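Mapping of the sequence shown onto the working numbering: position 75 corresponds to residue 93, and the numbering continues sequentially without gaps. These notes concern the structure reproduced below.
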Amino acid sequence: MTAHRTVTVDGCPVHVFESGAGPAVLMLHGSGPGTTGSGAWAATAQALGTSWHVLAPDQAGFGRTPVPAGTRGGLRLWTEQAGGLMDALGIEQYAVVGHSMGGAVALALAAARPEQVSRVVAVSTMGAPGAPLSAELDAIWAAPAGPPGARDMLSRLVLDQALVTDAAVEARAAAMRAGAAAFASLFPPPRARWADDLTLPVQALAAIRAPVLLVHGAEDRVTPLGAATRPLLEHLADVRLHVLGRCGHVPAIEHPHEFRHLLSGFLGRDRCH
Numbered sequence: 019m020t021a022h023r024t025v026t027v028d029g030c031p032v033h034v035f036e037s038g039a040g041p042a043v044l045m046l047h048g049s050g051p052g053t054t055g056s057g058a059w060a061a062t063a064q065a066l067g068t069s070w071h072v073l074a075p076d077q078a079g080f081g082r083t084p085v086p087a088g089t090r091g092g093l094r095l096w097t098e099q100a101g102g103l104m105d106a107l108g109i110e111q112y113a114v115v116g117h118s119m120g121g122a123v124a125l126a127l128a129a130a131r132p133e134q135v136s137r138v139v140a141v142s143t144m145g146a147p148g149a150p151l152s153a154e155l156d157a158i159w160a161a162p163a164g165p166p167g168a169r170d171m172l173s174r175l176v177l178d179q180a181l182v183t184d185a186a187v188e189a190r191a192a193a194m195r196a197g198a199a200a201f202a203s204l205f206p207p208p209r210a211r212w213a214d215d216l217t218l219p220v221q222a223l224a225a226i227r228a229p230v231l232l233v234h235g236a237e238d239r240v241t242p243l244g245a246a247t248r249p250l251l252e253h254l255a256d257v258r259l260h261v262l263g264r265c266g267h268v269p270a271i272e273h274p275h276e277f278r279h280l281l282s283g284f285l286g287r288d289r290c291h
């Protein structure tokens with residue numbers, strides 16, 4: 019029930035991991051080197067079962083989706099490409115789940131397309147006004163391709179270092195090497211400007227009408243809870259926050275069962291209407 023496909027969006031090929039059938043859920047990955055749509059979300063999609071139509075694209079500059087000629091990535095491109103993907107597939111209404119950078123894209127998409135985005139789940143999200151670039155995210159964006167860089171990056175993402183296995187390091191190192199050239203163009207130093215690019219204006223956040231679930235790890239050092247998520251509570255009209263203790267930047271990996279329960283419960287509310 020899973021497949022990989024390529025969809026042309028505004029003349030650019032977008033690689034998409036797809037599974038299930040039913041209400042559409044667009045799942046957007048974060049910004050770490052070597053990240054892909056399927057790498058970030060395949061396990062979650064499998065756990066959700068076949069009753070959701072999950073689409074997890076490689077965003078421009080990641081995995082098998084190139085950066086369009088004459089561009090360098092950024093919030094506007096990723097937002098327009100995400101919306102264009104759903105247009106190209108003929109999907110008129112959908113929920114959006116985004117992790118870290120993908121959370122900022124999800125929020126921006128909800129602001130830009132209020133008639134289409136039904137719900138938003140923003141996990142360890144970026145996008146809050148005034149949120150600075152953390153030292154941890156700066157180091158992740160700078161991580162060199164290869165096993166040492168992969169191990170260092172993964173160790174920053176999770177609280178429980180037992181999750182940084184040799185197999186995980188080897189898999190991420192291979193993905194980092196495969197995408198090194200494209201990724202190098204996305205976040206060159208000085209990097210604070212790219213965190214600023216992923217910040218949404220207060221007016222955009224206030225325009226979001228879809229219900230929003232924020233999920234965050236209490237020990238997240240990459241997008242710290244206080245700076246990254248709490249400010250969003252002041253600007254979103256319909257919002258709730260769930261904080262996971264003993265959790266770093268990737269709740270879907272660190273607390274998979276609880277995360278999937280939160281996700282399916284929140285998304286499932288649409289089926290009651």
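Heads up, the beta-carbon is just placed ideally off N, CA and C, and yes, glycines get one too. Fair warning: this is a prediction, and the values are worked out from it, not measured in the lab.
Query: Residue burial classification, R23 (beta-carbon count within 10 angstroms, cutoff 16); Result: exposed
Query: Cβ pair A100, W70 closer than 9 angstroms; Result: no
Query: Supposed close pair V123, L46 - CB separation, criterion 8 angstroms; Result: 5 angstroms
Query: Buried versus exposed, by CB contacts within 10 Å (16 or more), D238; Result: buried
Query: Through-space distance from V240 to P274, alpha-carbon basis; Result: 19 angstroms
Query: Segment limits, beta strand (DSSP E) that includes G235; Result: 230-235
Query: Span of the alpha helix (DSSP H), counted from its first residue to its last, around V187; Result: 184-196
Query: Any 3 or more C-beta pairs closer than 8 angstroms across the stretch 89-100 and the stretch 115-130; Result: yes
Query: Selected residue, minimal CA-CA separation from E252, among P219, L73, F284, G283; Result: P219
Query: Cα-Cα separation, G81 to L259; Result: 30 angstroms
Query: Nearest residue (CA-CA) to L285, options A157, A140, A60, I226; Result: A140
Query: Reduced DSSP category for E98 - H, G, I as helix; E, B as strand; rest coil; Result: helix
Query: Run of the beta strand (DSSP E) containing R90, from where it starts to where it stops; Result: Segment: none, R90 is in no beta strand (DSSP E) and carries neither H nor E.
Query: For S56 and C290, the rounded distance between their alpha carbons; Result: With a pLDDT of 42 at C290, under the threshold of 50, the modelled position of this residue cannot be trusted, and the question is left open.
Query: Straight-line gap, A60 to A198 (C-alpha atoms, nearest Å); Result: 22 angstroms
Query: Per-residue burial, P229 [other beta carbons within 10 Å of its own, 16 or more giving buried]; Result: buried
Query: Sequence-distant residues of the same chain with beta carbon closer than 8 angstroms to A157, five excluded per side; Result: D170, M171, R174
Query: C-beta contact flag for T217 and G148 at 9 angstroms; Result: yes
Query: As assigned by DSSP and simplified to three states, the class of P249; Result: helix
Query: Beta-carbon contacts of L73 that lie in its chain and below 6 angstroms, excluding the five residues immediately before and after; Result: V34, E36, L44
Query: Local Cβ density within 10 Å of R234, reported as buried at 16 or more and exposed below that; Result: Here the sequence assigns His to residue 234, which means Arg is not the residue at that position. H234 should be labelled buried.
Query: Euclidean distance between Cα positions of A236 and R278; Result: 18 angstroms
Query: Integer Cβ distance of L93 from A78, believed to fall under 8 angstroms; Result: Their Cβ separation, rounded to whole angstroms, is 11 angstroms, which puts L93 and A78 out of contact at 8 angstroms.
Query: Other residues of its chain near A246: CB distance less than 7 angstroms, five sequence neighbours each side excluded; Result: T143, M144, A146, A149
Query: Contacts around S292, its chain only, beta-carbon distance under 7 angstroms, and the 5 residues preceding and following it disregarded; Result: What the structure shows of the chain is the stretch from 19 to 291, and residue 292 is not part of that stretch, so it cannot be assessed.
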